[in-house]
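Following: one structure in structure tokens, then a few remarks.
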Amino acid sequence: MASELLGAFREFDPSAETFTVYAERLDQFFVANKIGIVPIDASAAITAAAEDKEVAVLISVIGWKTYNLTILRDLCSPVGSKSAMTPANPKDKTFEQLCELLQHHFKLKRLKVA
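With the first letter of the sequence shown counted as 1, position 33 gets the number 33 in our numbering; the numbers rise by one all the way through.
Structure representation (structure tokens):
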């Protein structure tokens with residue numbers, strides 16, 4: 001029987017918050033729900049499964065606009081990445097890699113006034 005999650009997590013809305021704040025809140029959602037938390041002596045397989053779950057939750061809650069509409073999927077493509085060896089599918093990246101890509105993409109650009 002699956003356990004219920006504590007709290008609900010809304011999709012990312014760049015008009016309401018920065019991605020940095022969203023990622024901080026998501027990290028606390030993970031803590032509250034024991035997602036991605038493994039014992040220090042956990043096997044590599046257990047650690048990888050925990051990291052995969054963090055990615056799956058991020059992809060599930062981020063919302064279709066951010067995931068599908070030329071943002072996350074395009075950022076993960078070889079054309080949008082620094083290396084052709086970079087995985088093209090968001091699920092093949094780590095949680096940290098996805099957050100870094102999204103933080104960079106949504107970073108506020110300040111205009112200089114002359």
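Glycine included, each C-beta is placed from N, C-alpha and C at the ideal position.
Query: Own chain, CB closer than 8 Å to Glu11, minus 5 neighbours either side, in chain order; Result: Val61, Ile62, Gly63, Trp64, Lys65, Thr66
Query: Touching by the beta-carbon criterion (3+ pairs, under 8 Å), the segment 15-23 and the segment 48-56; Result: no
Query: Alpha-carbon spacing of Pro39 relative to Cys99, whole angstroms; Result: 23 Å
Query: Spatial neighbours of Gly14 in its chain, beta-carbon cut-off 7 Å, leaving aside the 5 residues before and after; Result: According to the sequence displayed, residue 14 carries Pro and not Gly. Here the set comprises Phe106.
Query: Cα-Cα separation between Val57 and Ala42, rounded to whole angstroms; Result: 21 Å
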